[in-house]
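Okay, structure first, notes after.
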Amino acid sequence: MPFTKTVKSSAYYSRYQTKYRRRREGKTDYYARKRLITQAKNKYNAPKYRLVVRFTNRDIITQIIYSEIAGDKVFCSAYAHELPRYGIKHGLTNWAAAYATGLLLARRTLVKLGLDEHFEGVVDADGEFKLTKEADVDDEPRRPFKAFLDVGLKKTTTGARVFGAMKGASDGGLYIPHSESRFPGYDIETKELDADTLRRYIFGGHVAEYMETLADDDEERYKSQFQQYLDDGVEADGLEDLYAEAHLKIREDPNLEDPDKDTKGKDHWKAESEKYRLKKISREEKKANVQKRIAELRK
27 MPFTKTVKSS AYYSRYQTKY RRRREGKTDY YARKRLITQA KNKYNAPKYR
77 LVVRFTNRDI ITQIIYSEIA GDKVFCSAYA HELPRYGIKH GLTNWAAAYA
127 TGLLLARRTL VKLGLDEHFE GVVDADGEFK LTKEADVDDE PRRPFKAFLD
177 VGLKKTTTGA RVFGAMKGAS DGGLYIPHSE SRFPGYDIET KELDADTLRR
227 YIFGGHVAEY METLADDDEE RYKSQFQQYL DDGVEADGLE DLYAEAHLKI
277 REDPNLEDPD KDTKGKDHWK AESEKYRLKK ISREEKKANV QKRIAELRK
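If you want the working numbering, it's the position in the sequence shown, counting the first as 1, plus 26.
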């Protein structure tokens, strides 16, 4: 068959519809977004809440978001850079940190709703697949806070970190519809989840195992790659206790203030900036400066 060049005529261009800007930029999957935000038409003022998980090079962003006509609104948020307050100072983008960030978001959301005492979730993470069920609130059954996972354009491969954040939020007391098929330790042949493997990831066991292997095989690279761990005295044997203690601290106070936070207000910094700002001089002062300069030159 001979090659025929496709000619785009004026009819093509006159009917061409440009896609949404964020679709052109490759930032939003509108096919998925439409299904995540569209609520049943027989409900009034009952938005769908989304558990939005995003990863950067140095941080993990988790948010509970709902949509309105004017745009999306953030109901609650938690970030991995808040984990140092609870004792997790290194590896803020790994699987265990994603779980801790999701747990922090869940507890913070339930505290805001006043449901933290009724929906505790899984206090001792054992790696088992569990969904949050309804509880009795004031002698009446109350369904848990429901949110749907929004992964954006992230690939949903088995064992991905995005499911670590989801698992943390689920164990924290939120109801997030999901199955066990995407967690680390799930066997696609037997269709079963190895709870021990999942628990190992939750408490940073995979990181500890890599640290031990690297220390035996290449000590120089081990000291280079885990220098910050070694400076703070964090070893492979103590990672599990570190994460377990952090989980307890998150449950005790999910809104813990940063001890290193700058407590000085705007007035203080405004006064500081005024010190170095040149003040505008009056017309009389300008004339006086000119006359002073003329007098100096005549000498």
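Backbone N, C-alpha and C define an ideal beta-carbon position, used for all residues, glycine too.
Looking only at its chain, what residues have a beta carbon closer than 7 Å to the beta carbon of residue i, apart from the 5 residues adjacent to it on each side?
i, result
"R226", "H232"
"A72", "Q65"
"A173", "Y75, R76, L77, I90, L200, I202"
"P167", "E160"
If we call anything under 8 Å between Cβ atoms a contact, is residue i one with residue j?
i, j, result
"E238", "A262", "yes"
"A186", "F229", "no"
"A57", "K74", "Here the sequence assigns Tyr to residue 57, which means Ala is not the residue at that position. Not closer than 8 Å, so no."
"S196", "L157", "yes"
"L268", "I95", "no"
"G194", "Y105", "no"
"G198", "G147", "yes"
"R48", "T54", "yes"
Around the C-beta of residue i, are 16 or more other C-beta atoms found within 10 angstroms, so that it is buried, or is it exposed?
i, result
"R303", "exposed"
"Y248", "buried"
"R134", "buried"
"N120", "buried"
"I214", "exposed"
"A151", "buried"
"D176", "buried"
"F145", "buried"
"Y255", "buried"
"L109", "buried"
"L323", "exposed"
"H273", "buried"
Out of the options, which has the shortest C-alpha to C-alpha gap to residue i?
i, options, result
"G211", "G113, D220, T119, D242", "D220"
"V79", "E235, I90, K69", "I90"
"T88", "D98, G128, K115, L118", "G128"
"G190", "I86, S40, D164", "I86"
"T183", "F81, S207, K296", "S207"
"E51", "L179, P203, K31, G264", "L179"
"R281", "D55, E94, L130", "In the sequence as displayed, the identity of residue 281 is Asn instead of Arg. Nearest option by C-alpha distance: L130."
"Q251", "R41, H204, G117, L265", "G117"
"F81", "K181, E298, D243", "K181"
Grab me the residues of residue i's own chain with a C-beta within less than 8 Å of its C-beta, minus the 5 sequence neighbours each way, in chain order.
i, result
"L139", "F171"
"E218", "Y212"
"V100", "Q89, I90, I91"
I need the boundaries of the beta strand (DSSP E) containing residue i, first residue and last residue.
i, result
"R324", "Element bounds for R324: not the beta strand (DSSP E) but the alpha helix (DSSP H), 309-324."
"I95", "No beta strand (DSSP E) holds I95; DSSP gives it neither H nor E."
"Y75", "75-81"
Hey, quick one: how far does the alpha helix (DSSP H) through residue i stretch, first residue to last?
i, result
"L274", "265-278"
"E238", "231-243"
"V188", "187-197"
"D162", "Taken as a continuous stretch (DSSP letters only), D162 belongs to no alpha helix (DSSP H), being part of the beta strand (DSSP E) at 161-163."
"E166", "No alpha helix (DSSP H) holds E166; the beta strand (DSSP E) holding it covers 166-168."
"D329", "As shown, the chain starts at 27 and ends at 325. That puts residue 329 outside it, with no answer to give."
"D176", "Premise fails: D176 lies in the beta strand (DSSP E), 174-176, not in any alpha helix (DSSP H)."
"A106", "It is not in any alpha helix (DSSP H) - A106 carries neither H nor E in the DSSP assignment."
"S36", "36-41"
"Y125", "121-139"
"K60", "56-63"
Among the residues of its own chain, which have a CB less than 6 Å from the CB of residue i, if the five just before and after it don't count?
i, result
"K275", "Y112"
"D142", "L136"
"A234", "A262, L265"
"K393", "Coverage of the chain is limited to positions 27 through 325, which leaves residue 393 absent and any answer about it impossible."
So does residue i have its beta carbon nearer than 7 Å to some heavy atom of the ligand ZN?
i, result
"I86", "Summarising the ligand content, the structure contains no ligands, and the ligand ZN is consequently not present."
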